[in-house]
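Now the structure itself:
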């Protein structure tokens, strides 16, 4: 039987109306499949310039999910563009050296008069501000949309891999125990946890990774992965951190060591298409392994090992890269070295119930272990320094 036809409305809505809806909290983002705000200041400026020039822009796809009673619309595709529009109108950044004139339309003038928004200078000339305010933003609204349909539309739009990284695609809408556990751990390590998966577009800035000249959210330089030289800022923006956490968690919960291969990650997330018998078996196995340990305990296990590492680095007064490569490594990220050390500590701290009894000695053993010959024995050195304590 053919699927029931769902209503699709396409219309052009002026930037002024888009901003009014934004201030009225009409646009929401679902973190189960949407990535963070990642556009650079240059990308935002280029997009706004396209609007000023009157160039056509890609259609923004919104959904009105079944059962949603508050009139909000969920952004399926176009979150970066919607944020660029609303944040420029709100004077978060300038274009061609000028900020949007808040006296251009009634809503922004009211916000200016009530001192909700501050007018920054220099001000962009009035003709260009009027051109922006009246620009018809192409919107497609998917009415009476079921959750599964929204997630499938999101995947299909981005399936070419040009807009989203592979990890972002495989994580989109994945709700298995493994995917949820990895997402929760990753968000905590980055520092972008939220109380709900459904957030207002205006709230996304608070939990997104910032770059230069964009004063909001979480500084990429302060995130654990970047500050310790484990990943680059660009890798963080492309969710490589979440892929690495997935790799660690899979190893942590499996009875036997598992390989680190892209196709296995796809299986763990149920993102292989079409799913084969082997793919389904891997998905079920990793899902059951998480449930056997329990997602809460896996999360706690990861946190315990992370805490040990953070305490060691604090005592050593250096970063992870600085510890294993004290003489430098050319500024290259070191994800594999981190995984090796993390998993060695996991075996000792979690699986064998040990605690660090001689942190100075452990630091000494890890120091300069980036050298291949010495790195191979780092786990043995750690075993000799970590002692069993009966209180665990």
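Numbering (my numbering), first residue to last: 37 to 428. Even for Gly, the Cβ is constructed at its ideal location relative to N, Cα and C.
Handout entry: Stretch-stretch touch, CB-based, cutoff 8 Å, three pairs: the region 301–310 with the region 279–289
Key = yes
Exercise for the section: Would you list the one or two residues that DSSP bridges to residue 64? Expected result: 110, 236
Practice task
Would you mind working out which of 241, 386, 116 sits nearest residue 80, comparing C-alpha positions?
Solution key: 116
Exercise for the section: Assign residue 338 to one of three DSSP states: helix, strand, or coil. Expected result: Residue 338: helix per DSSP, three-state reduction.
Handout entry: Meets three-Cβ-pair contact criterion under 8 Å: the region 304–322 and the region 213–220
Key = The answer is yes - the region 213–220 touches the region 304–322, with three or more Cβ pairs under 8 Å.
Practice task
Mind checking who residue 97 pairs with in its DSSP beta bridge?
Solution key: 113, 176
Problem - For residue 292, three-class secondary structure by DSSP - result: coil
Handout entry: CA nearest to the CA of residue 70, picked from 295, 288, 55, 273
Key = For residue 70, the nearest C-alpha among the options comes from 273.
Handout entry: Secondary structure of residue 375, DSSP reduced to three states
Key = Per DSSP, reduced to three states, the secondary structure at residue 375 is helical.
Practice task
Identify, in the order they occur along the chain, each residue of the same chain with its Cβ nearer than 8 Å to the Cβ of residue 370, setting aside the five sequence neighbours on each side.
Solution key: 265, 266, 356, 357, 360, 361, 406
Exercise for the section: Report the rounded CA-to-CA distance for residue 325 versus residue 316, giving the unit in angstroms. Expected result: Answer to the nearest angstrom: the Cα atoms are 14 Å apart.
Handout entry: Exposed unless 16 or more other CB atoms sit within 10 angstroms - verdict on residue 158
Key = exposed
Exercise for the section: May I have the straight-line CA-CA distance separating residue 151 from residue 275, to the nearest angstrom? Expected result: 37 Å
Handout entry: CA-to-CA distance, residue 400 to residue 238, given in whole angstroms
Key = 47 Å
Practice task
Please name the residue, chosen from 110, 154, 160, that lies closest to residue 130 on a Cα-to-Cα basis.
Solution key: 160
Exercise for the section: Would you kindly report the start and end of the unbroken beta strand (DSSP E) that includes residue 54? Expected result: Counting along the chain, residue 54 falls outside any beta strand (DSSP E), though it belongs to the alpha helix (DSSP H) covering 51–59.
Exercise for the section: Alpha carbon to alpha carbon, how far is residue 373 from residue 175? Give it in angstroms, no decimals. Expected result: 46 Å
Practice task
Report all residues from its chain with a CB closer than 6 Å to the CB of residue 108; omit the five preceding and five following residues, and keep chain order.
Solution key: 62, 64
Problem - Pairwise C-alpha distance: residue 94 and residue 198 - result: Note that residue 198 scores a pLDDT of 42, beneath 50, so its modelled location is shaky; the value from the coordinates is reported in the next line. Using only the alpha carbons, I get a separation of about 14 Å.
Problem - For residue 297, the three-state DSSP class (helix, strand or coil) - result: coil
Problem - Whole-Å CB distance - residue 254 paired with residue 228, under 8 Å assumed - result: 6 Å
Handout entry: Residues near residue 47 by beta carbon distance below 7 Å, same chain, minus five either side
Key = 175
Exercise for the section: Within the same chain, show all residues whose beta-carbon is closer than 7 Å to that of residue 263, passing over the 5 residues directly before and after it, in chain order. Expected result: 257, 355
Handout entry: Cβ-based burial, residue 241 [other Cβ within 10 Å; buried from 16]
Key = buried
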